[in-house]
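Enquirer: Under my numbering, think of the first position of the sequence shown as 906, with each following residue one higher.
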Amino acid sequence: MKILVIGGGGREHALAWKLKQSPRVERIFCAPGNAGTAEIGENVAISASDLPGLVRFAKENRVDLTVVGPDDSLAAGIVDLFAAADLRIFGPTKAAARLESSKIFAKELMREQGIPTAQAGTFERSDDALRFCDRLRFPVVIKADGLALGKGVIIAPDCAVARSTIDEMINQGRFGEAGRRVVVEEFLRGTECSLHALVDGANYRLLQTARDHKRAFEGDTGPNTGGMGAFSPANNWNAELEDQFHKKIMGPLLRGLHEKRITFRGLLYPGLMISADGARVLEFNCRFGDPETQVILPRMKSDLLPLLEATIDGKIDSPKASSIEWDRRPAVTVVLASGGYPGKYETGKSISGLGKAAELDGVQIFHAGTKRINSEIVTSGGRVLAITALGSTLEAARARAYEAVSRIHFENCHYRRDIALSAGYG
Ligand code: AMP
Ligand code: GLY
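Written as structure tokens, this is what we have:
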């Protein structure tokens, strides 16, 4: 089989790496990929947003299955376009991807179905939004309705910040069209957990849990990023929460989609906040998490390909897909970023030590913002690498991941030293 993976981050390298292990996979293309995917497949110089270019490539090269990484390709309707061209693709349609691309849509569906989430209002006028803030207790959370590269969620500690944020989003177009409408919601306390479910339209199967570290700096300080590291399994999850998750979140969600005549086929990743009174939904993502994928897939012993196929074919309940085998060992991934990320950063820095780090037992290096120039691998993005390690305990996995990290060097490399450090992660 020929597979095309769309995207060029650490998540896409992990997907390509895992799919490459499937006995049925002969060739893997990545568009646009990175220096890591180039080592296991063929990079194609087409951007993840060039949808007609991707359709053309898949047709011309007789690609058997396309797997979509990034949210914006899904929100732009890549799955609908591929399906119209009779091409097999893994991911939700544009209508189903609204669960992620419109926070208002997701919030309304949750309200209709009684899914536990933060109390919220949706607004397109700044004075109405501000009046609602006054009814909540500070801090309040203000979210742009649409996709904003993970930067559209602002936690406002007081009225002054709430006022300026709402004004910038609604009246000054800080996030363009994505921020013309906003969600204002109560601030939830607790610890976060990332769930991943393969949803086949009617049924679903859960993958292992993970926890992400979203803030840029140690001790969960600094701005939100795409994710600075992760570990799996999550240490704040248990059978009781899982039971509640099935009954109060996934069941009602699928019912709500069904009532709207929307079929969701793909990977659904609900971001949850866990507190004393259970799990509440922070957001729905319609794709694999990054960097969660870099800790979930190295723990998956089963072949990923038949699971993706069963999801597309509405057969995730079939015996073939019914049990996913997992490595019991925990995994930790540490993201190495360019100094300055998530703000401004420089690229083109030479990376050394990748070979030495990869020699360590149980270590897997996933590339994100990297590219090869002649014999050198250089930085080309904000998040540069995700260094994953498995270990007999979380502590062992963590120690091994940081041992690998210590062998890798590039100028202005920034990473958090407290990934998976249990203090503070409940
Ligand atoms: P979202 O894109 O909606 O998941 O928001 C990004 C991040 O902002 C989440 O992972 C949380 O860390 C934080 N966040 C979002 N909504 C809330 C909320 N209601 N209460 C507390 N933190 C939140
Ligand atoms: N790790 C957060 C995300 O993928 O949205």
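We put the beta carbon where it would ideally sit given N, CA and C, even for glycine.
If I1313 and L1290 are in contact, beta carbons under 8 Å, what's the gap, nearest whole angstrom?
Expert: 7 Å
Enquirer: Helix, strand or coil for G1171, going by three-state DSSP, please let me know.
Expert: DSSP places G1171 in strand when its eight states are reduced to three.
Enquirer: If the criterion is Cβ atoms closer than 7 Å, does the pair R1120 and A1139 meet it?
Expert: no
Enquirer: For ligand 1, any of its heavy atoms closer than 6 Å to the Cβ of G1056?
Expert: Correcting the residue type first, residue 1056 is Lys in the shown sequence and not Gly. Not under cutoff, so the answer is no.
Enquirer: How about V1088 and A1002: do their beta carbons lie closer than 7 Å?
Expert: no
Enquirer: Pick from L956, A1011, K1276, K1225: whose alpha carbon is nearest that of V984?
Expert: L956
Enquirer: Are there any heavy atoms of ligand 2 lying less than 6 Å away from the beta-carbon of N1190, as far as the coordinates show?
Expert: yes
Enquirer: Measure the C-alpha to C-alpha separation of H1151 and D1063 and round it to an integer number of angstroms.
Expert: Each residue's CA atom was taken as its position, placing H1151 and D1063 some 36 Å apart.
Enquirer: DSSP three-state call for V1289: helix, strand or coil?
Expert: strand
Enquirer: Considering just the uninterrupted stretch of the beta strand (DSSP E) at R1120, what are its terminal residues?
Expert: 1120 to 1122
Enquirer: Which runs of the beta strand (DSSP E), 3 residues or longer, sit entirely within the region 1058 to 1092?
Expert: 1058 to 1061, 1087 to 1091
Enquirer: Nearest-angstrom Cα distance between R1068 and S978?
Expert: Rounded to whole angstroms, R1068 to S978 spans 32 Å at the Cα level.
Enquirer: To test your reading of the DSSP string, which unbroken alpha helix (DSSP H) runs of 4 or more residues are found completely within the region 1132 to 1190?
Expert: 1144 to 1149, 1156 to 1164
Enquirer: With 16 as the cutoff for other CB atoms within 10 Å, does K1249 come out buried or exposed?
Expert: exposed
Enquirer: Specify the secondary structure class of H1101 as computed by DSSP and reduced to three states.
Expert: coil
Enquirer: Which residue comes first and which comes last in the beta strand (DSSP E) that contains P1128?
Expert: 1126 to 1129
Enquirer: Tell me the rounded alpha-carbon separation between V1240 and K1261.
Expert: For V1240 and K1261, the distance between alpha carbons rounds to 17 Å.
Enquirer: Starting from the Cα of L1326, find the closest Cα among E1123, A1273, R1277 and give me that residue.
Expert: E1123
Enquirer: Could you spell out where the beta strand (DSSP E) holding Y1307 opens and where it closes?
Expert: From DSSP, Y1307 is part of no beta strand (DSSP E) but of the alpha helix (DSSP H) over 1299 to 1311.
Enquirer: Just the Cα atoms here: how many angstroms apart are H1101 and E1082?
Expert: 29 Å
Enquirer: Measure how close the beta-carbons of L970 and M1015 come, nearest whole angstrom, since I'm counting them as under 8 Å.
Expert: Incorrect: roughly 32 Å between the Cβ atoms, too far for contact.
Enquirer: If you reduce the DSSP assignment to three classes, tell me which class Q1269 lands in.
Expert: In the three-state reduction of the DSSP assignment, Q1269 falls in the strand class, which pools E and B.
Enquirer: So, is N1190 buried or exposed, given that buried needs 16 or more other C-beta atoms within 10 angstroms?
Expert: Here N1190 is buried, its C-beta having at least 16 other C-beta atoms within 10 Å.
Enquirer: Count the other CB atoms within 10 Å of the CB of P1175; is the residue buried (16 or more) or exposed (fewer)?
Expert: buried
Enquirer: Going by alpha carbons, who is nearest to P1247 out of M1133, R1277, T1198, I1256?
Expert: Comparing Cα-Cα distances from P1247 to each of M1133, R1277, T1198, I1256, the minimum goes to M1133.
Enquirer: Quick check: is any heavy atom of ligand 1 less than 6 Å from the C-beta of F1092?
Expert: Within the cutoff, so yes.
Enquirer: Compare the C-alpha of A980 against each of K1008, A921, F934, R1085 and name the closest.
Expert: K1008
Enquirer: Taking the straight line between their C-alpha atoms, what separation do you get for Y1330 and T1096?
Expert: With a pLDDT of only 49 at Y1330, under the threshold of 50, the placement of this residue in the model should not be trusted, and no figure is reported.
Enquirer: Which of the three DSSP states is assigned to P937 in this structure?
Expert: strand
Enquirer: Starting from the N-terminal side, write out each stretch of the alpha helix (DSSP H) that is 4 residues or longer and does not extend beyond the region 1184 to 1271.
Expert: 1198 to 1201, 1209 to 1217, 1224 to 1227, 1259 to 1263
Enquirer: Consult DSSP for T1114 and reduce its assignment to one of helix, strand or coil.
Expert: coil
Enquirer: Below 7 Å CB to CB, which residues in the same chain sit around G1019 once its five sequence neighbours on both sides are set aside?
Expert: Spatial neighbours of G1019 in its own chain (CB-CB distance under 7 Å, excluding positions within 5 residues in sequence) are listed in chain order as P1157.
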